[in-house]
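Report on one structure; see the data block that follows.
Number of protein chains: 2
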Amino acid sequence: MRARHDQTPLGFESSPGLEVETYTLIRQINSLMETHNRYDLRREDLTVPQFQILNYATPEGVPLSEISVRMLCDNSNLTGIVDRLIAKGYVERRPDPQDRRVSLICLTLSGAEKLRSIRPRHHESISQRMQKLSKHEVSQLRNLLHTLFEGLQSSDEEK
Amino acid sequence: MRARHDQTPLGFESSPGLEVETYTLIRQINSLMETHNRYDLRREDLTVPQFQILNYATPEGVPLSEISVRMLCDNSNLTGIVDRLIAKGYVERRPDPQDRRVSLICLTLSGAEKLRSIRPRHHESISQRMQKLSKHEVSQLRNLLHTLFEGLQSSDEEK
DNA sequence: GGATTATCTTTGCATAATGAACTATAACAT
DNA sequence: ATGTTATAGTTCATTATGCAAAGATAATCC
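Residue numbers (our numbering), protein chains in the order written: chain A, 852 to 1010; chain B, 852 to 1010.
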């Protein structure tokens, strides 16, 4: 009566194929999760990327480009976001005495305090949204995603 | 000796927990895949969202808000992207005779031709990037993601 | 029927993201 | 040492995205 579960996951029209369907689900889940995150962080006067940078910053300071590598984005993104975090008093820019090209992104006391107050609830919220999956299923999912991620990364490295 | 596979997937600093780690992988994979897609579509003079809208448009026309529901984004996003697709001649806006509020997004002949020439290669490219996973693993992954997606959607519906 | 309420789209503003160009500094190579 | 190449960060232009507000039209409620 039906080969699919119950409805075509939205995202592509014609005979997507299993891989495309899988990727479409990844896109859609990512989108829904981000919407939730945005909504949660809104009350904290933080955007999603702002919160992310906050998570990478340390009191001692981290080079901006190290953050951009970890966030898989371009340096030029971060300039503006860091500016807004500085305006809110959560991070500072400090020159690296070792290398005068780099500016270190330093978590302020206020930023560390903010993180402490937000992060546990935020992680809790993410976990709750995955309750439809059992612990074992989440673990299985993690392993599959991990393999996929490594495949994508290694194929990128070979130029 | 090690509870984790081999390295903490980047994305959060302190004791992420399995669910957060899994979500982080979803974000990272989505990001890498989108980068590939952007690169692929670049040669076709299309952006990722432009290509997506093209996939939802039909010759008969689809209401803009139907596309935004399927793309999980706001109506207001699409206005500009559709404008650019119109400028490229791939879609048209036509008023709906039934309901004068809606404007139908219609795929032009040129747009349909473009799609025909791009889509197979694009899908092929996506499949290839997932080669690290066996057919069975992809299927397993799809099922887990599908469950997760449905859980997220239903929890959204209950306001 | 007229008022209220809901829906569809666009507009304006703020934030974000990519890519290319540019400045400054560092590392390297002969 | 000097000239070349590489790296770190910013700036700018274009595109995208979300949210709030507004205008037009439709549906609903007495």
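In this text, a Cβ means the ideal position worked out from N, Cα and C, and glycines have one as well.
What you are looking at is a predicted structure, and each value in this text was computed from that prediction instead of being measured.
Close-in-space but distant-in-sequence residues of the same chain around residue i (CB under 6 Å, 5 per side omitted)
{"i": "F902(B)", "result": "L892"}
{"i": "S916(A)", "result": "N926"}
{"i": "Q982(A)", "result": "none"}
Chain-ordered neighbours of residue i on chain A, where CB pairs are closer than 7 Å
{"i": "T998(B)", "result": "K983 and L984"}
{"i": "G868(B)", "result": "H974 and S978"}
Contact with chain B by residue i, beta-carbon distance below 8 Å
{"i": "R952(A)", "result": "no"}
{"i": "Y874(A)", "result": "yes"}
Min CB distance residue i to chain A below 8 Å
{"i": "L992(B)", "result": "yes"}
{"i": "R878(B)", "result": "yes"}
{"i": "G962(B)", "result": "no"}
{"i": "S1006(B)", "result": "yes"}
{"i": "K965(B)", "result": "no"}
{"i": "E864(B)", "result": "Caution is warranted here: a pLDDT of 42 is assigned to E864(B), below 50, making its placement in the model unreliable, and no coordinate value can be reported."}
Listed by chain order, chain B residues near residue i by CB distance under 9 Å
{"i": "G1002(A)", "result": "R980, M981, Q982, K983 and L984"}
{"i": "L923(A)", "result": "L861, R878, Q879, S882, L883 and T886"}
Neighbouring residues, chain A, relative to residue i (Cβ below 9 Å)
{"i": "V871(B)", "result": "H973, H974, I977 and S978"}
Nonlocal neighbours in the same chain, by C-beta distance under 7 Å from residue i, ignoring five residues either side
{"i": "I918(B)", "result": "I904, Y907, L929 and I956"}
{"i": "T959(A)", "result": "G940, Y941, V942 and E943"}
{"i": "G912(A)", "result": "R945, L955, I956 and C957"}
{"i": "S882(B)", "result": "none"}
Closer than 7 Å at the beta carbon, the chain B residues around residue i
{"i": "E988(A)", "result": "L995"}
Other residues of its chain near residue i: CB distance less than 8 Å, five sequence neighbours each side excluded
{"i": "D896(A)", "result": "K939"}
{"i": "P914(A)", "result": "D947, V953, S954, L955 and I956"}
{"i": "R980(A)", "result": "M884 and H887"}
{"i": "H973(B)", "result": "N888, D891, L892 and F902"}
Quiz item: With contact counted as at least three CB pairs below 8 Å, one residue from each stretch, are the stretch 993-1009 of chain A and the stretch 949-963 of chain A in contact?
Solution: Taking a cut-off of 8 Å on C-beta distances, the stretch 993-1009 of chain A does not touch the stretch 949-963 of chain A, as fewer than three cross pairs fall below it.
Quiz item: Would the stretch 925-938 of chain A and the stretch 878-893 of chain A be scored as touching if the rule is three or more Cβ pairs under 8 Å?
Solution: Segments in contact, no.
Quiz prompt | Start-end ranges of the beta strand (DSSP E) lying completely within the stretch 878-959 of chain B, minimum 3 residues | solution = For the stretch 878-959 of chain B, whole beta strand (DSSP E) runs of length 3 or above, ordered along the chain, are 942-946 and 954-958.
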